[in-house]
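Colleague: I have a structure I would like to understand better, so I am pasting it below and will then ask my questions one at a time.
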Amino acid sequence: MQFTVQRRLAASVFGCSPDKIWFDASQLEKIKEAITRADIRSLINNGTIRRKVDHSNSRGRARARHAQKRKGRQRGVGSRKGKKTARLGRKDAWIDRVRLQREFLQSLRAGGYFDNKIFRDMYQKIKGGFFRSRRHLKLYLEENKLVTPTSPTPTQKRTQESKTFPSKKEMSKETKTN
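Letter by letter, the sequence shown follows residues 2 to 179 of the numbering used here.
In structure tokens:
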């Protein structure tokens, strides 16, 4: 005997596939007479109609992997899929790069390494995307001899020929004093 209608009704009551419905073989006459949802619900309450247990893929490994990722593991180059911009968007990368360059430029101006005219020119170049990185900006300033410290410290006097930029320590001291 086929119980297509009963199977369909039971599936809609359970909210699952008709293939997941189990009928008690000893109660087939009662099941055959059930033609409404109410009848099916009463048979479900009796235990005559049941839903088979799902045998889906285990999420144990997925949970463990997720827990590791929350701790910052498994995020190396070998685990990454998609483009580089999928993790850090182009605009976000641009914002980070421009902010870093502008911050560097402002610290140099605060240290008195160039006047406002050069600052404005470099600022516009940063805005236009001329520099790839902070290092590129630094290189450009060195090559074009745009950096001239107004009052070099004793250590800068000793190394003025080889080094035109202050160290990070010196820069932090200068910004604190200003």
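Glycine is no exception: its CB is placed at the ideal position from the N, C-alpha and C atoms.
1. For Lys82 and Arg66, what's the separation of their Cα atoms in angstroms?
2. Looking only at C-alpha atoms, which of Gly79, Arg62, Arg135 and Arg121 sits nearest to Ile96?
3. By the 10 Å Cβ neighbour count, where 16 or more other Cβ atoms means buried, how is Ser152 classified, buried or exposed?
4. Can you tell me whether DSSP reads Ile36 as helix, strand or coil?
5. Can you give me the start and stop residues for the beta strand (DSSP E) that Phe105 sits inside?
6. Since Ile22 and Arg52 should fall inside the 8 Å C-beta cutoff, what is the C-beta to C-beta distance between them, to a whole number of angstroms?
7. Looking at C-alpha atoms only, which residue of Lys84, Phe132 and Asn117 is the closest neighbour of Thr149?
8. So Phe15 is in the beta strand (DSSP E); what residue range does that whole segment cover?
9. Sort Asn46, Met123 and Arg133 by Cα distance to Asn145 and report the nearest one.
Modeller: Once the coordinates are examined:
1. 16 Å
2. Arg135
3. Because Ser152 carries a pLDDT of 46, less than 50, the predicted location of this residue cannot be relied on, and the following value inherits that uncertainty. Counting Cβ neighbours within 10 Å, Ser152 comes out exposed, since fewer than 16 surround it.
4. coil
5. Per DSSP, Phe105 belongs to no beta strand (DSSP E); it is in the alpha helix (DSSP H), Arg91 to Ala111.
6. 7 Å
7. Asn117
8. No beta strand (DSSP E) holds Phe15; the alpha helix (DSSP H) holding it covers Thr5 to Phe15.
9. Met123
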